[in-house]
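Visitor:
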Amino acid sequence: MSLAIIPARGGSKGIPGKNIRPVAGKPLVAWSIEHARQAPSISRVVVSTDDDAIAEVSRAHGAEVIRRPAAISGDTASSESALVHALEHLKETEAYDPELVVFLQATSPMRRAGEVQAAIDTLRREGADSLL
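Residue numbers (this note's numbering): 6 to 137.
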């Protein structure tokens with residue numbers, strides 16, 4: 006059981022709506038969803054968001070959505086807080102505890118096809134507990 010979590014909050018002030026703005030023909034968040042879904046080792050893709058439009062786009066591109074509370078959705082909220090919230094939510098509501106978590110930033114879409122799976126393969130081959 007491997008899980009991809011993609012944080013994508015809606016309150017960007019620098020570029021309003023950046024996570025759903027088109028980049029090379031797709032909403033920005035869709036690139037990370039697609040990269041995660043292409044990895045055979047990933048069984049679930051979840052987007053953590055506080056925004057209805059991001060949630061809609063994410064579902065349309067094949068991701069599940071976990072609604073992030075306002076307390077961890079502001080300008081000073083860390084991506085790590087979204088990660089922890091999503092994992093705790095899945096554990097509490099579904100008793101879901103993945104063996105591996107892949108954390109992809111929506112704002113870093115420049116990955117080649119297969120890089121997510123290659124990273125997972127490296128992690129497993131090396132017996133590491135994390136890989137950046």
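Glycine residues also receive a C-beta, built at the ideal position from the N, C-alpha and C atoms.
With distances taken between CB atoms, is the gap from Asp56 to Ala13 smaller than 9 Å?
Guide: By one-based count along the sequence shown, residue 56 stands at place 51. By one-based count along the sequence shown, residue 13 stands at place 8. Cβ atoms of Asp56 and Ala13: closer than 9 Å.
Visitor: In angstroms, rounded to a whole number, what distance separates the CA positions of His66 and Arg49?
Guide: On the sequence shown, residue 66 is found 61 positions in, with the first residue counted as 1. On the sequence shown, residue 49 is found 44 positions in, with the first residue counted as 1. For His66 and Arg49, the distance between alpha carbons rounds to 13 Å.
Visitor: Please report the residue range of the alpha helix (DSSP H) in which Thr54 lies.
Guide: Numbered from 1 along the sequence shown, position 49 holds the residue referred to as residue 54. It is not in any alpha helix (DSSP H) - Thr54 instead sits in the beta strand (DSSP E) that spans Arg49 to Thr54.
Visitor: Excluding the 5 residues flanking Ser86 on each side, which residues of the same chain have their C-beta closer than 8 Å to its C-beta?
Guide: For the purposes of this step, residue 86 is identified with residue 81 of the sequence shown, where counting begins at 1. For Ser86, where only same-chain residues beyond five positions count, the Cβ hits under 8 Å are Ile77.
Visitor: Pair every Cβ in the region 9-25 with every Cβ in the region 37-51, then say whether three or more of these pairs are closer than 8 Å.
Guide: With the cut-off at 8 Å, the region 9-25 and the region 37-51 touch.
Visitor: Name the DSSP bridge partner or partners of Glu69?
Guide: On the sequence shown, residue 69 is found 64 positions in, with the first residue counted as 1. Beta-bridge pairing links Glu69 to Val51.
Visitor: Quick check: what's the CA-CA separation for Lys23 versus Leu88?
Guide: Indexing the sequence shown from 1 puts residue 23 at position 18. Indexing the sequence shown from 1 puts residue 88 at position 83. For Lys23 and Leu88, the distance between alpha carbons rounds to 20 Å.
Visitor: Can you grab the Cα-Cα spacing for the pair Ile71 / Gly79, in whole Å?
Guide: Position 66 of the sequence shown, counted from the first residue, corresponds to residue 71. Position 74 of the sequence shown, counted from the first residue, corresponds to residue 79. Taking the straight line from one Cα to the other gives about 16 Å.
Visitor: Check each candidate in Leu128, Phe108 and Gly132 and name the one with the smallest Cα separation from Arg42.
Guide: Looking up residue 42 in the sequence shown gives position 37. Out of Leu128, Phe108 and Gly132, Phe108 has the C-alpha closest to the C-alpha of Arg42.
Visitor: Determine the contact status of Pro103 and Trp36, defining contact as a CB-CB distance below 9 Å.
Guide: If you number the sequence shown from 1, residue 103 lands on position 98. If you number the sequence shown from 1, residue 36 lands on position 31. In this structure, Trp36 does not lie closer than 9 Å to Pro103 by Cβ.
Visitor: Report the residue from Ala111, Ala44, Arg64 and Ser83 whose alpha carbon sits nearest the alpha carbon of Leu105.
Guide: Against the sequence shown, residue 105 aligns to sequence position 100. That would be Ala44, whose Cα lies nearest to the Cα of Leu105.
Visitor: Quick one: what's got a C-beta closer than 8 Å to Lys18's C-beta in the same chain, skipping five residues either side?
Guide: The residue you call residue 18 lines up with position 13 of the sequence shown. Contacts found: Asp80.
Visitor: Chain B beta carbons: is any one of them nearer than 9 Å to that of Ala60?
Guide: Absent here is chain B; the protein component of the structure consists of one chain.
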